[in-house]
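Undergrad:
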Amino acid sequence: MTQARTLYEKIWDAHVVETREDGTCLLYIDRHLVHEVTSPQAFEGLRMAGRKVRRPDLTLAVPDHNLPTTARVDGEGHRLPIKDPEGAQQLAALEKNAPEFGIKYIGATDKEQGIVHVVGPEQGFTLPGTTLVCGDSHTAAHGALGALAFGIGTSEVEHVLATQTLQLKPSKTMEIRVEGQLGPGVTPKDVILHVIGVIGTAGGTGHVIEYRGNVFEEMSVEGRLTVSNMSIEGGARAGLFAPDEKTFAYVKGRPMAPKGADWEAAVAYWKTLKTDEGATFDRSVVIDAAGIVPTVTWGTSPEDVVPITGTVPAPESFADATKRAAAEKALEYMGLSAGQRMQDIEVQHIFIGSCTNSRIEDLRAAAAVVKGHKVDPRIRQALIVPGSGLVKLQAEAEGLDKIFLDAGFEWREPGCSMCLGMNPDKVPAGERCASTSNRNFMGRQGPGSRTHLVSPAMAAAAAITGHLTDIRTMAGEMA
Amino acid sequence: MEPLKTVEGRAYPLGVKNVDTDMIIPAKWLKTISRVGMGKGAFEAMREVSGNVFDDPEYQGSPVLIAGDNFGCGSSREHAAWALNDMGIKVVIAPSFSDIFSGNAFKNGILTVVLPQEAVDRLMEVAKTDPIHVDLETQTVTTPFQDRFRFELDPFRKACLLGGLDEIGLTLERTGGIDRFEQRRDAEQPWIKPVLA
Numbered sequence: 001m002t003q004a005r006t007l008y009e010k011i012w013d014a015h016v017v018e019t020r021e022d023g024t025c026l027l028y029i030d031r032h033l034v035h036e037v038t039s040p041q042a043f044e045g046l047r048m049a050g051r052k053v054r055r056p057d058l059t060l061a062v063p064d065h066n067l068p069t070t071a072r073v074d075g076e077g078h079r080l081p082i083k084d085p086e087g088a089q090q091l092a093a094l095e096k097n098a099p100e101f102g103i104k105y106i107g108a109t110d111k112e113q114g115i116v117h118v119v120g121p122e123q124g125f126t127l128p129g130t131t132l133v134c135g136d137s138h139t140a141a142h143g144a145l146g147a148l149a150f151g152i153g154t155s156e157v158e159h160v161l162a163t164q165t166l167q168l169k170p171s172k173t174m175e176i177r178v179e180g181q182l183g184p185g186v187t188p189k190d191v192i193l194h195v196i197g198v199i200g201t202a203g204g205t206g207h208v209i210e211y212r213g214n215v216f217e218e219m220s221v222e223g224r225l226t227v228s229n230m231s232i233e234g235g236a237r238a239g240l241f242a243p244d245e246k247t248f249a250y251v252k253g254r255p256m257a258p259k260g261a262d263w264e265a266a267v268a269y270w271k272t273l274k275t276d277e278g279a280t281f282d283r284s285v286v287i288d289a290a291g292i293v294p295t296v297t298w299g300t301s302p303e304d305v306v307p308i309t310g311t312v313p314a315p316e317s318f319a320d321a322t323k324r325a326a327a328e329k330a331l332e333y334m335g336l337s338a339g340q341r342m343q344d345i346e347v348q349h350i351f352i353g354s355c356t357n358s359r360i361e362d363l364r365a366a367a368a369v370v371k372g373h374k375v376d377p378r379i380r381q382a383l384i385v386p387g388s389g390l391v392k393l394q395a396e397a398e399g400l401d402k403i404f405l406d407a408g409f410e411w412r413e414p415g416c417s418m419c420l421g422m423n424p425d426k427v428p429a430g431e432r433c434a435s436t437s438n439r440n441f442m443g444r445q446g447p448g449s450r451t452h453l454v455s456p457a458m459a460a461a462a463a464i465t466g467h468l469t470d471i472r473t474m475a476g477e478m479a
Numbered sequence: 001m002e003p004l005k006t007v008e009g010r011a012y013p014l015g016v017k018n019v020d021t022d023m024i025i026p027a028k029w030l031k032t033i034s035r036v037g038m039g040k041g042a043f044e045a046m047r048e049v050s051g052n053v054f055d056d057p058e059y060q061g062s063p064v065l066i067a068g069d070n071f072g073c074g075s076s077r078e079h080a081a082w083a084l085n086d087m088g089i090k091v092v093i094a095p096s097f098s099d100i101f102s103g104n105a106f107k108n109g110i111l112t113v114v115l116p117q118e119a120v121d122r123l124m125e126v127a128k129t130d131p132i133h134v135d136l137e138t139q140t141v142t143t144p145f146q147d148r149f150r151f152e153l154d155p156f157r158k159a160c161l162l163g164g165l166d167e168i169g170l171t172l173e174r175t176g177g178i179d180r181f182e183q184r185r186d187a188e189q190p191w192i193k194p195v196l197a
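Protein sequences appear in the order of chains A and B.
Residue numbering for the first sequence is 1 to 479, as defined by our numbering.
Residue numbering for the second sequence is 1 to 197, as defined by our numbering.
1. Going by C-alpha to C-alpha distance, which of A:K189, A:G448 and A:L127 sits closest to V293 of chain A?
2. In chain order, what residues of the same chain have a beta carbon less than 6 angstroms from the beta carbon of R10 of chain B, not counting five sequence neighbours either side?
3. Within the same chain, show all residues whose beta-carbon is closer than 8 angstroms to that of V160 of chain A, passing over the 5 residues directly before and after it, in chain order.
4. So which residues of chain A does G177 of chain B contact, with C-beta pairs closer than 8 angstroms?
5. Let's test the definition: count the other Cβ atoms within 10 Å of the Cβ of D110 of chain A and tell me whether it reaches 16, buried, or not, exposed.
6. For E410 of chain A, I'd like the list of residues in its chain whose CB is within less than 6 angstroms of its CB, leaving aside the five on either flank, ordered along the chain.
7. When the Cα of P315 of chain A is compared with those of A:P307, A:T309 and A:W298, which residue comes out closest?
8. Classify P81 of chain A as buried or exposed, calling it buried when 16 or more other Cβ atoms lie within 10 Å of its own Cβ.
9. With a threshold of 7 angstroms on Cβ separation, who are the neighbours of E303 of chain A within its own chain once the five nearest residues in sequence on each side are excluded?
10. Can you confirm whether I33 of chain B, when its beta carbon is compared against all beta carbons of chain A, has any partner nearer than 7 angstroms?
11. Might you give, ordered along the chain, the residues of its own chain that have their beta carbon closer than 8 angstroms to the beta carbon of D282 of chain A, omitting 5 neighbours on each side?
12. What is the rounded straight-line gap between the Cα of A326 of chain A and the Cα of S301 of chain A?
13. Assign Q90 of chain A to one of three DSSP states: helix, strand, or coil.
14. Let me make sure I understand the geometry here. Which of A:V73, A:A4 and A:A42 has the alpha-carbon closest to that of R412 of chain A?
15. Going by other Cβ atoms of all chains shown within 10 Å of its Cβ, with 16 needed for buried, is Q117 of chain B buried or exposed?
16. Quick one: which chain A residues come within Cβ less than 9 angstroms of R77 of chain B?
17. What does H159 of chain A reach in chain B if we use C-beta pairs closer than 9 angstroms?
18. By the three-class DSSP mapping on this structure, what secondary structure does S388 of chain A have?
19. Just to confirm the assignment, what range does the alpha helix (DSSP H) spanning T171 of chain B have?
20. I need the boundaries of the alpha helix (DSSP H) containing I66 of chain B, first residue and last residue.
21. Looking only at DSSP bridge pairs, what is C433 of chain A linked to?
22. Thinking C-alpha only, which one of A:A49, A:V306, A:G77 and A:S137 is nearest A194 of chain A?
23. Starting from Q123 of chain A, follow the beta strand (DSSP E) in both directions and report where the run begins and ends.
24. Can you tell which of B:T21, B:C73 and B:I110 has its C-alpha closest to the C-alpha of N85 of chain B?
25. Less than 7 angstroms between the beta carbons of R359 of chain A and E222 of chain A, yes or no?
26. Please confirm whether S228 of chain A and A141 of chain A have their CB atoms less than 7 angstroms apart.
27. Taking the beta carbon of Q113 of chain A as the centre, do at least 16 other beta carbons fall within 10 Å, making it buried, or is it exposed?
28. Assess contact between the region 253-271 of chain A and the region 457-472 of chain A, defined as three or more Cβ pairs (one per stretch) separated by less than 8 angstroms. Is contact present?
29. Between A:A149, A:K371 and A:G213, which has its C-alpha nearest M230 of chain A's C-alpha?
30. Among residues of its own chain, excluding the 5 on either side of D55 of chain B, which ones have a beta-carbon nearer than 8 angstroms to its beta-carbon?
31. Excluding the 5 residues preceding and the 5 following F151 of chain B in the sequence, name in chain order all residues of the same chain whose CB lies nearer than 8 angstroms to its CB.
32. What would DSSP say about A479 of chain A, mapped onto helix, strand or coil?
33. So C160 of chain B is in the beta strand (DSSP E); what residue range does that whole segment cover?
34. Report yes or no: is there a C-beta of chain A within less than 7 angstroms of the C-beta of P194 of chain B?
35. Note the first and the last residue of the continuous beta strand (DSSP E) segment covering Y333 of chain A.
36. With a threshold of 7 angstroms between beta carbons, is R174 of chain B in contact with chain A?
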């Protein structure tokens, strides 16, 4: 009898080309997503060494990080230039490198363009049981479909382009099990923020997390994408969900997914991809779903979470000295003081978007809260940035754009936008943003910006009230 | 890549926990298509605070950086390693590192040394006045005061750093194995190739 294995071990084993004596493996990579920011130096490296891309057919390039989210074509359909010369140069490099190396490229004005981590699953490029990498840490998102997916640096991008493999050692395994019944207003975003609060930003370091238990089983594929996306915020390079009927239904019929007999063979294989009875994890964390409430961040690390009903913690409340010092710094940076009620914190910016929360279900949840209301006049900017052109078209077909525009939101073109302050969408210094993105680091949304991470529904609620708001107090507004 | 055998010099006593990659190199510095020149943007926000270690003449040009837990957490940007390289930092010492960062550092010839918090605390103290010495061959960090801390290091990484070896070149020598893997897989799982129009 073969030894009981976890889902991670099954996918890993199926991709080992060779194992060295010291345990390092040459791991085969099935899918490689490329964007404009972390690839130019990799292509340059190939060119300098006279190397080719080994499998351009397993590679897909999409620009997302530094594209402005304002109109990309003028009234006559002509492409508008990017004002920032450095951003334009990076985009131009990808536009040149993709065809030169024979890689399929989804361009800035194509309707399929979007954030790589939205585009991959949407196009059926991401499949269960595959290994998928991208020069971006939020590649962890694709684990929602049962792909072993993780972020890599530019040297590794170059390595995958040249060899379609990576030299890696197996990770440790960690199970996060959330069981029970989630309360009203608690979304996948709240679940993962809560989880990061429990394990800490280094809690998953060296591990791959498998999300298990009824809460994750019952979650939609888009909700799972939100959860797996933030695995890296808990220190884990990858997250995994065992593929199930929901996954198959999600993947079926997508443009790049297998068809016909190939589809049947694929599903038969995917059904074997679950952790065996009796397999063990190096670490196991069990969380009671009933204890999770709508969650926000107060500080400058994603582990700085507190229930929306809570208050800003006092630095003295942390037993660990370095954590205490970090909390003092965070409060100073955030312009908050201990004991302040989270719900009293006023925000000036709303950002609904990013690879964490820019899919159609996210926009529906936000629209359900916004419908019939206006953005509070104290809000300076409220952005809705769909994760892809196809998400945008779907939302428009459902009339969601109209709900947002009527309320006073801006309806933008797809991209990473205000998540990371490397395109024109930024939060000014000293101002505060309720954001559906994934990182509240100092300066993440622009120098001096102050970020509170929230779910799409809570971001929408904050837009209407002008301050962080418990979604549960807006009765009847929840999707 | 330059071989790395020993590093001797002063160290920036930073000591901060959870130094994320946005702190090491903010996003506005990522809009480059080159690997060099990012030292100017390194630790930009920290350098705005007067009395910061990076602008203290005492530590100028130090080849070592000492930090707290979880150094390099956050994004996968290799620019963080390139920025440290550009500053002349060859070794980072901390109680723990993010996985992606330590991989990126290694691929750029930067050694990440994991030591227990007590050892890091001691080195922080020494760094304020004296140089420290890192020896890759013996896997030790030593000080002029007889401190001697041994660290663990993956043998493959050690060999690559000592020899300045190019990982892509090493993998390309294994092309036969990759070919055989692909042939077997394409036969067993023909569905795995994406349908690219």
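We put the CB at the ideal spot given by N, CA and C, even for glycine.
TA: On the basis of the supplied data:
1. A:K189
2. Y59, S62 and P131
3. I29, H32, V133, I152 and L166
4. The contacting residues are V17, E18 and L26.
5. exposed
6. L383
7. A:W298
8. exposed
9. Result list for E303 of chain A: I196, G197, G200 and T201, in chain order.
10. I33 of chain B counts as touching chain A.
11. K172, T173, M174 and H207
12. 9 angstroms
13. Three-state result, Q90 of chain A: helix.
14. A:V73
15. exposed
16. V37, T38, G135, D136, S137, G153 and T154
17. K107, E167, I168 and T171
18. Three-state DSSP puts S388 of chain A in a strand.
19. Per DSSP, T171 of chain B belongs to the alpha helix (DSSP H) from E167 to L172.
20. No alpha helix (DSSP H) contains I66 of chain B, which is instead part of the beta strand (DSSP E) from V64 to I66.
21. A:H349 and A:T451
22. Before going on, a small fix: residue 194 of chain A reads as His here, not Ala. The shortest Cα separation from H194 of chain A among A:A49, A:V306, A:G77 and A:S137 belongs to A:V306.
23. Counting along the chain, Q123 of chain A falls outside any beta strand (DSSP E), though it belongs to the alpha helix (DSSP H) covering V116 to Q123.
24. With distances taken between CA atoms, N85 of chain B lies nearest to B:I110 out of B:T21, B:C73 and B:I110.
25. yes
26. yes
27. Buried is the call here.
28. no
29. A:A149
30. R47
31. V113, V114, L115, Q139, T140 and V141
32. Low local confidence applies: a pLDDT of 47 at A479 of chain A is under 50, so the model's placement there is unreliable, with the coordinate-based value given in what follows. In this structure, A479 of chain A counts as coil in the three-state DSSP scheme.
33. Bounds of any beta strand (DSSP E) do not take in C160 of chain B; it lies within the alpha helix (DSSP H) bounded by P155 to G163.
34. yes
35. Here Y333 of chain A belongs to no beta strand (DSSP E); instead the alpha helix (DSSP H) covers A321 to M334.
36. Chain A has a Cβ within less than 7 angstroms of the Cβ of R174 of chain B.
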